[in-house]
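Data first, discussion second: the structure below is written as structure tokens.
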Amino acid sequence: MKNIQLQTRPFDPWNELTKFQQSRFRGKTDIGATAVFVGTMRDFNEGENVQTMHLEHYPGMTEKYLGELVEKAKQDWPLEECLVIHRVGDIQPSEAIVLTAAWSGHRKEALEACRYLIEELKHNAPFWKKETLDSGEARWVEVNTQG
Amino acid sequence: MSITIKYFASLREQMGTAEQTLSVKGVATVADIVVKLSDTNLPENTLVAVNQEYATGSTQVKAGDEIAFFPPVTGG
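So the protein sequences, as listed, match chains A and B.
Okay, so the first sequence: first residue is 3 according to the numbering used here, each after it adds one.
Okay, so the second sequence: first residue is -19 according to the numbering used here, each after it adds one.
The following block contains the structure:
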């Protein structure tokens, strides 16, 4: 299972974590910490009800950026592995948009790396959200909320 | 000798195209390319990538390169 995944279909983050761990860590006994962030789609933003959302990305650059991000995290913390999954295309409220996870021997490194992955992804990975409101109006999200 | 220019998200809609090609002679910078683009001014917060790496106005480009312009990112 790849550690960077972009997908157009809904995914169950907990199921993906289980599959990833089974494919990568079978027989490993030195992992003491798993840190996970899951972002899901809200049905409201900036005071408006949101019906659906579309996520655009830059094919090629987005994957490249995320690959470099994971490598940077592995350089900066002693990690066993990282996993990044991100939806693209049409998304409905309550569906998972993003998952970042980091595995390490100890919690400090895992938690710090997991936070690093999601914050860097939010600030720099080439993704753009367009939301459709109850009124039918579609608008580009101009800025992410502060983490 | 041409370079490929891509636009994403709101900028793609604003420019009315996802991709165009532009002829360049010799070496140019991203800023030189911006001047050559259509009459439409790019918004001040526009980000740029050259060959799928973040770049700046002074980044040099040459024939065969891919330049992308896009608004601030909002993933995650």
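The C-beta atom is built at its ideal place from N, Cα and C for all residues, glycine as well.
Do A75/A and L81/A count as a contact pair if the criterion is CB distance below 8 Å?
Yes.
In three-state DSSP terms, what is T20/A?
Residue state, collapsed to three classes: helix.
Restricting to Cα atoms, I'd like to know which of S106/A, E122/A, S137/A, V145/A is closest to A37/A.
Nearest option by C-alpha distance: S106/A.
Less than 8 Å between the beta carbons of G62/A and Q0/B, yes or no?
No, Cβ-Cβ distance for G62/A and Q0/B is not below 8 Å.
Taking all protein chains shown into account, decide if H108/A is buried (16 or more other Cβ within 10 angstroms of its Cβ) or exposed.
Classification of H108/A: exposed, given that the 10 Å Cβ count is below 16.
Using 10 angstroms around the beta-carbon of P23/B, count the other beta-carbons present and answer buried if the total reaches 16, otherwise exposed.
Burial call: exposed.
Nearest to W16/A by alpha carbon, out of W79/A, A127/A, A98/A?
When each option's Cα is compared against that of W16/A, the closest is A98/A.
Are the C-beta of Y60/A and some C-beta of chain B separated by less than 8 Å?
Closer than 8 Å: yes.
Check A115/A in the structure and name its three-state DSSP category.
Helix at A115/A.
Which residue marks the beginning of the alpha helix (DSSP H) containing L68/A, and which one marks its end?
Residues 63 to 78.
How long is the line joining the alpha carbons of M43/A and Q94/A, rounded to whole angstroms?
Answer to the nearest angstrom: the Cα atoms are 7 Å apart.
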